[in-house]
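Report on the structure given below.
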Amino acid sequence: MAKLDSSEQEDTQVVTRSEREKCWIARDKYFACLDKNRITSVANQDSSVCANERSDVDSLCRQSWVDYFIQRRERTLQIDAMKRYRTQQAHDELEARESASREELRNKFVKR
Amino acid sequence: MLVTNKATIMQMAGIWRQSATLCSQLSGRSFSRMSTKDSLRNASRSRRVLFCPHGRPFSTTLPKFNERKPEEKKVEEDLDALVTGKKRPMAGPELTEEESVVFKVAKSKRRNPLGFFNVAGMLIFAGGLALLINYKRRVQRAVEAHKEEKESESFGKALIGGPFQLIDQNGGIFTQENLKGKFSLIYFGFTLCPDICPEELDKMAIIIKNLRKQGIDIQAIFISCDPIRDTPPVLKKYLEDFDIEGIVGLTGSYSDVEACCKAYRVYFSTPPDVTAEDDYIVDHSIFFYLMDPEGEFVNVFGRRYDAQGASEEIAKKIKKWVPAKDRRESSFQKPSFWKFWE
Chain E
48 MAKLDSSEQE
58 DTQVVTRSER
68 EKCWIARDKY
78 FACLDKNRIT
88 SVANQDSSVC
98 ANERSDVDSL
108 CRQSWVDYFI
118 QRRERTLQID
128 AMKRYRTQQA
138 HDELEARESA
148 SREELRNKFV
158 KR
Chain U
16 MLVTNKATIM
26 QMAGIWRQSA
36 TLCSQLSGRS
46 FSRMSTKDSL
56 RNASRSRRVL
66 FCPHGRPFST
76 TLPKFNERKP
86 EEKKVEEDLD
96 ALVTGKKRPM
106 AGPELTEEES
116 VVFKVAKSKR
126 RNPLGFFNVA
136 GMLIFAGGLA
146 LLINYKRRVQ
156 RAVEAHKEEK
166 ESESFGKALI
176 GGPFQLIDQN
186 GGIFTQENLK
196 GKFSLIYFGF
206 TLCPDICPEE
216 LDKMAIIIKN
226 LRKQGIDIQA
236 IFISCDPIRD
246 TPPVLKKYLE
256 DFDIEGIVGL
266 TGSYSDVEAC
276 CKAYRVYFST
286 PPDVTAEDDY
296 IVDHSIFFYL
306 MDPEGEFVNV
316 FGRRYDAQGA
326 SEEIAKKIKK
336 WVPAKDRRES
346 SFQKPSFWKF
356 WE
């Protein structure tokens, strides 16, 4: 929804500070709802989930902003998941290597 | 000592024999028992008697012969002292004052527990060692600081910056010449930015305030990457929301803005063919650029700097800044060895 200033002036679209903040609050509420329902990707989901919050967001924020926020959230979640996965992998690898070396050391001292 | 009296000889022989017995008793060894003949022989050879047993000689009973001569008395006293433990066996004879001057006897001193060393010497040594270690540490620190300074120095033509021509929010022309005379902090963004540009501009407000409090003359410049939607009135209205005194908002034609962004190596994604009614987000690089009063680039600050960190860094750079004509290579200053407090 484009924000238009008073029609006497030129065709200016300026989002003031208060409007921005209202948009952000609605966005945070919407994202909290999505987190609660464990939704990462909004595009594939049923639009009935968190519909109220979504309508608030759509009314208070510009459409490009809404798309941008949703995309950014999805990207961030993906990156975090990837980071977690990678660290877990690294830990497992380290653990495996360490236990292998421990085994080796143990076998050295075991009298066969 | 010539002995003529037979009785005295007998007396002395007895003394000699008994002294031998006593000696053997004292030391635990058995000396060969001296025969009377030997004793007589020794006595007649007028040996000086060193040992004198305590008891009276068996052979004589007359008191006359039992008198001790002065020498013998002294010897007897010595033997008393020896037996009772007051005097050590191998101790030399007690010397009179005259004798001690003539025969210089070394006095036995108590051994110094430190031996060769003394406390004062050790303290001086420790102090010198501490001074040396402190000096080495200071030299290392100075070398590191100098290396850092050398790395951060910029020589030659700056890669960022250059000529540009834009319009400010009041419609006036603004070029790179307007950067001269004071420091500038430039931020590239656009007014319809969802959250990043407002956040960065608030950060900029804090930085500018901090620097102006320190008496630094710095101007804030906001250059729009979205010239099609960001006209001067739009910029003016937008910048009113931010508490930055004297902030300059710049825009212009698409080509002018493109040229400026290229000079500052700023990436932005606005295509040239959009219209003011289109709804889009501009992707752009997020940096603050610090320019000096000669219009040259000093440093860039990215998102990892918060307001406080950035203000400190900028203040540091400004304090170190010298105009180009006064600039010369920084030389390494060796710290003084003695001034350990520096």
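Chains E and U are the protein sequences, given in the same order. Using my numbering, read the first sequence as starting at 48 and increasing by one per residue. Using my numbering, read the second sequence as starting at 16 and increasing by one per residue. Think of the CB as a built atom: it goes at the ideal place given N, C-alpha and C, for glycine as much as any other residue. Bear in mind that the values here come from a model prediction, so they are computed numbers and not experimental data.
Simplified DSSP state of residue 106 of chain E, which is helix, strand or coil: Correct three-state label for residue 106 of chain E: helix.
Where the stretch 265-299 of chain U meets chain E: residues whose CB sits under 8 Å from a CB there: Per Cβ criterion, the list reads 291, 292, 294, 295 and 296.
Cutoff 8 Å: residue 61 of chain E Cβ touching any chain U Cβ: Output row for residue 61 of chain E: interface = yes.
Counted within 10 angstroms of its Cβ, other Cβ atoms place residue 347 of chain U as buried (16 or more) or exposed: Taking all protein chains in view, the Cβ of residue 347 of chain U is surrounded by fewer than 16 other Cβ atoms within 10 Å, so the residue is classified as exposed.
Residue-chain proximity (residue 206 of chain U, chain E), Cβ-Cβ < 8 Å: Yes - at least one Cβ of chain E is within 8 Å of the one on residue 206 of chain U.
Closer than 8 Å to chain E by CB, residue 202 of chain U: In terms of beta-carbon proximity, residue 202 of chain U stays away from the interface with chain E, with every pair separated by 8 Å or more.
Selection of the stretch 208-219 of chain U by Cβ proximity to chain E, strictly under 8 Å: The residues in question are 209, 210 and 213.
Short Cβ contact (8 Å threshold) for residue 322 of chain U with residue 233 of chain U: No. Outside cutoff.
Delimiting residues of the alpha helix (DSSP H) encompassing residue 84 of chain E: Where residue 84 of chain E is concerned, there is no enclosing alpha helix (DSSP H), because DSSP gives it neither an H nor an E.
Residues from the stretch 245-258 of chain U in contact with chain E, defined by Cβ distance under 8 Å: For the stretch 245-258 of chain U, the set of positions with a beta-carbon nearer than 8 Å to some beta-carbon of chain E reads 246, 248, 249, 252, 253 and 256 in chain order.
Neighbour flag for residue 116 of chain E against chain U, beta carbons, 8 Å: Yes, because at least one Cβ of chain U sits closer than 8 Å to the Cβ of residue 116 of chain E.
Residue closest to residue 300 of chain U, alpha-carbon to alpha-carbon, out of U/311, U/98, U/283 and U/288: Nearest C-alpha to residue 300 of chain U among U/311, U/98, U/283 and U/288: U/283.
Residue-chain proximity (residue 110 of chain E, chain U), Cβ-Cβ < 8 Å: Residue contact check for residue 110 of chain E against chain U: a CB pair falls below 8 Å.
Strand pairing of residue 183 of chain U, partner residues [DSSP]: Per DSSP, U/265.
Same chain only: Cβ atoms within 8 Å of residue 345 of chain U, ignoring 5 sequence neighbours per side: These residues qualify, in order along the chain: 161, 164, 165 and 168.
Nearest-angstrom beta carbon gap, residue 236 of chain U and residue 199 of chain U [assumed within contact, 8 Å]: Here residue 199 of chain U really is in contact with residue 236 of chain U; their C-beta atoms are around 6 Å apart, less than 8 Å.
Three-state class that DSSP yields for residue 283 of chain U in the structure shown: Reduced to three states, the DSSP call for residue 283 of chain U is strand.
Given 8 Å, three or more beta-carbon pairs between the stretch 272-289 of chain U and the stretch 195-209 of chain U: The stretch 272-289 of chain U is in contact with the stretch 195-209 of chain U.
Residue of U/298, U/295, U/294 and U/317 minimising C-alpha distance to residue 305 of chain U: For the residues U/298, U/295, U/294 and U/317, the minimum Cα distance to residue 305 of chain U belongs to U/317.
Beta-bridge partners of residue 233 of chain U, as assigned by DSSP: Residue 233 of chain U pairs with U/198.
DSSP state of residue 132 of chain U mapped onto helix, strand, coil: Note: residue 132 of chain U maps to coil in three-state DSSP.
DSSP beta-bridge partners of residue 62 of chain E: Answer is none; residue 62 of chain E lacks a bridge partner.
Helix, strand or coil at residue 43 of chain U according to DSSP, with G and I counted as helix: With a pLDDT of 48 at residue 43 of chain U, under the threshold of 50, the modelled position of this residue cannot be trusted, and the question is left open.
Cα-Cα separation, residue 324 of chain U to residue 84 of chain E: Near 38 Å, if we compare the C-alpha coordinates of residue 84 of chain E and residue 324 of chain U.
Identity of the residues DSSP links to residue 190 of chain U by a beta bridge: BP columns for residue 190 of chain U point to U/180.
Residues of its chain near residue 362 of chain U, where Cβ-Cβ distance is below 8 Å and the 5 sequence neighbours each way are ignored: No answer is possible for residue 362 of chain U: the residues shown for chain U start at 16 and end at 357.
Residue 144 of chain U, DSSP secondary structure in three states: Helix at residue 144 of chain U.
Exposure of residue 184 of chain U, with buried meaning 16 or more beta-carbon neighbours within 10 Å: Residue 184 of chain U comes out buried.
Supposed contact pair residue 191 of chain U and residue 264 of chain U - C-beta distance, whole angstroms, cut 8 Å: Under the criterion of beta carbons closer than 8 Å, residue 264 of chain U and residue 191 of chain U do not qualify as touching, at roughly 17 Å.
Stretch-stretch touch, CB-based, cutoff 8 Å, three pairs: the stretch 73-82 of chain E with the stretch 100-120 of chain E: Yes, since at least three Cβ pairs between the stretch 73-82 of chain E and the stretch 100-120 of chain E fall closer than 8 Å, the two stretches touch.
Rounded separation between residue 356 of chain U and residue 151 of chain U - CA only: In a straight line, the C-alpha of residue 356 of chain U is about 13 Å away from that of residue 151 of chain U.
Interface partners of residue 153 of chain E on chain U, CB under 8 Å: Going along chain U, no residue has its Cβ under 8 Å from residue 153 of chain E, so there is no contact; the nearest lies around 44 Å.
Sequence-distant residues of the same chain with beta carbon closer than 8 Å to residue 121 of chain E, five excluded per side: Exclusion of the five residues before and after residue 121 of chain E leaves 87, 88 and 89 as the residues of its chain whose Cβ lies within less than 8 Å of its Cβ.
Beta-carbon contacts of residue 314 of chain U that lie in its chain and below 7 Å, excluding the five residues immediately before and after: The residues are 305 and 332.
Contacting residues, own chain, Cβ-Cβ under 6 Å from residue 281 of chain U (five flanking each side not counted): Answer for residue 281 of chain U: 203 and 300, listed in chain order.
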